[in-house]
Amino acid sequence: MTNTQHHPVTVLGLGAMGRALAQTLVKAGVPTTVWNRTPGRDAEVVAAGAVSAATAGQAVRGGDLVIAVLLDHASVHQTLDPIAAELSGKQLLNLTSTAPEQSRELAEWAAVHGIDFLDGGIMAVPSMIGADGSSILYSGSETVFQAHRPALESLGSAEFFGTDPGLAALWDFALLTSMYTMFGGFFQAAALVGTAGVPAAEFAPRAAAWVSAMASSLPRYARIIDSGDYTGEVFQDLVFTKSALDALRQAASDAGITAEPLSGIADLVDRQVAAGHGAAAFERSIEALRGH
Ligand code: NAP
Numbered sequence: 674m675t676n677t678q679h680h681p682v683t684v685l686g687l688g689a690m691g692r693a694l695a696q697t698l699v700k701a702g703v704p705t706t707v708w709n710r711t712p713g714r715d716a717e718v719v720a721a722g723a724v725s726a727a728t729a730g731q732a733v734r735g736g737d738l739v740i741a742v743l744l745d746h747a748s749v750h751q752t753l754d755p756i757a758a759e760l761s762g763k764q765l766l767n768l769t770s771t772a773p774e775q776s777r778e779l780a781e782w783a784a785v786h787g788i789d790f791l792d793g794g795i796m797a798v799p800s801m802i803g804a805d806g807s808s809i810l811y812s813g814s815e816t817v818f819q820a821h822r823p824a825l826e827s828l829g830s831a832e833f834f835g836t837d838p839g840l841a842a843l844w845d846f847a848l849l850t851s852m853y854t855m856f857g858g859f860f861q862a863a864a865l866v867g868t869a870g871v872p873a874a875e876f877a878p879r880a881a882a883w884v885s886a887m888a889s890s891l892p893r894y895a896r897i898i899d900s901g902d903y904t905g906e907v908f909q910d911l912v913f914t915k916s917a918l919d920a921l922r923q924a925a926s927d928a929g930i931t932a933e934p935l936s937g938i939a940d941l942v943d944r945q946v947a948a949g950h951g952a953a954a955f956e957r958s959i960e961a962l963r964g965h
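674 is the number of the first residue of the sequence shown in the working numbering; add one for each residue after it.
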């Protein structure tokens, strides 16, 4: 049943994420038109109530808000450039994962063509869309965000980060950076215990509990980083941390595995110690990333 509070929405791209978004919009009563480059991927969403369009241009004519959820920045331009005239006067939401500068470039492109632009970063996997825990970060046009807020909230919690169109992607990519480095650490750890015949499945619950416990200290790390004072409150200094990381690298080497995931942070610590900051707090490693 169509909910009259929702404006019609078009979804361009029916990969795993596009299908999840379209299904959820339809379920929320949003009139939804869909298009995908490769035909035949719309069967389920059409069965649920979406309207299928044969071309991207035709799909755009069906929605006030056009959501692009494609592979990458290049595919967004490949899809949207030829239909810029149809998009003119419409509202565009880019939910494709694009780097902050790419989102800003897309906003400039949209402005040139008279398109009101909102960017978004999806903090969820397709199965989470529309369920508790799904979160989407937005930045760019607040007009677009507010106009479609009920529809956006059907997809997950909707938070507006500001009018800089690159901000949502910046937060998104920062969170993904935390996630991937955590996974890298887990892979190295699982390889390490694996050398003693311990299955990754046996190790995982203990690793999850440990990483969760350590994550609770992030606000303290953040407070020291933001203060810029790395000598006032020193929980672990850089010399201590270096010896711990050297021992971890030794353990990996002894076990016959490589230690690339750990090497990232170990190299930062080494550089800080070499620069004479050994007595400063571990948190000073962030300055090595900034080239200090
Ligand atoms: P996917 O399953 O690989 O689907 C990619 C989509 O992009 C398909 O619809 C594909 O169309 C289309 N596409 C690729 N190149 C194209 C081109 N040159 N022109 C037109 N269409 C093109 O990916 P997905 O999981 O749906 O992800 C879509 C976006 O959401 C990505 O940016 C991804 O980073 C982001 N995202 C995904 C997840 C996730 O867990 N899946 C989570 C957060 C964010 P065809 O069917 O024709 O190939």
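C-beta: ideal position from N, C-alpha, C; glycine also.
Span of the beta strand (DSSP E) around residue i
i	result
Ile966	The question about residue 966 has no answer, for the chain in this structure spans 674 to 965.
Ile740	738-741
Ala831	830-833
Asp792	789-796
Val785	Taken as a continuous stretch (DSSP letters only), Val785 belongs to no beta strand (DSSP E), being part of the alpha helix (DSSP H) at 773-785.
Leu687	Here Leu687 belongs to no beta strand (DSSP E), and DSSP marks it neither H nor E.
Val707	705-708
Local conformation of residue i per DSSP, three classes
i	result
Thr697	helix
Arg963	coil
Glu717	helix
Ser890	coil
Ala729	helix
Thr931	coil
Val946	helix
Met674	Because Met674 carries a pLDDT of 40, less than 50, the predicted location of this residue cannot be relied on, and the following value inherits that uncertainty. Here Met674 sits in coil by DSSP.
Ala758	helix
Thr816	helix
Val871	coil
Val682	strand
Range covered by the alpha helix (DSSP H) that runs through residue i
i	result
Asp919	911-928
Phe860	840-867
Gln764	Element bounds for Gln764: not the alpha helix (DSSP H) but the beta strand (DSSP E), 764-767.
Thr752	746-753
Identity of the residue in the options nearest residue i by Cα
i	options	result
Ile795	Ser807, Gly787, Ala784	Ser807
Ala967	Phe860, Pro773, Ala741	The structure shown does not extend to residue 967, since the chain spans only 674 to 965, so no value can be given for it.
Phe834	Pro823, Gln819, Ser827	Gln819
Thr816	Leu753, Ala869, Leu738	Leu738
Ala924	Pro892, Ala797, Ala869	Ala869
Gly905	Ser890, Ser916, His750, Ala954	Ala954
Leu918	Asp837, Gly858, Ala881	Gly858
Val907	Ile897, Ser916, Lys915	Ile897
Arg692	Val798, Val749, Ser761, Arg777	Val798
Asp902	His950, Gly735, Pro704, Gly722	His950
Status (buried if at least 16 other CB within 10 Å, exposed otherwise) for residue i
i	result
His965	exposed
Ala877	exposed
Arg957	buried
Gln678	exposed
Thr711	exposed
Tyr853	exposed
Asn676	Low local confidence applies: a pLDDT of 46 at Asn676 is under 50, so the model's placement there is unreliable, and no value is given.
Phe790	buried
Asp754	exposed
| said: Tell me whether the segment 824-832 and the segment 695-715 touch, counting them as touching only if at least three CB pairs, one residue from each stretch, are closer than 8 Å. | reply: Cβ pair count under 8 Å is three or more, so yes.
| said: Can you confirm whether the segment 873-891 touches the segment 926-942 when touching is taken to mean that 3 or more C-beta pairs between the two stretches lie within less than 8 Å? | reply: no
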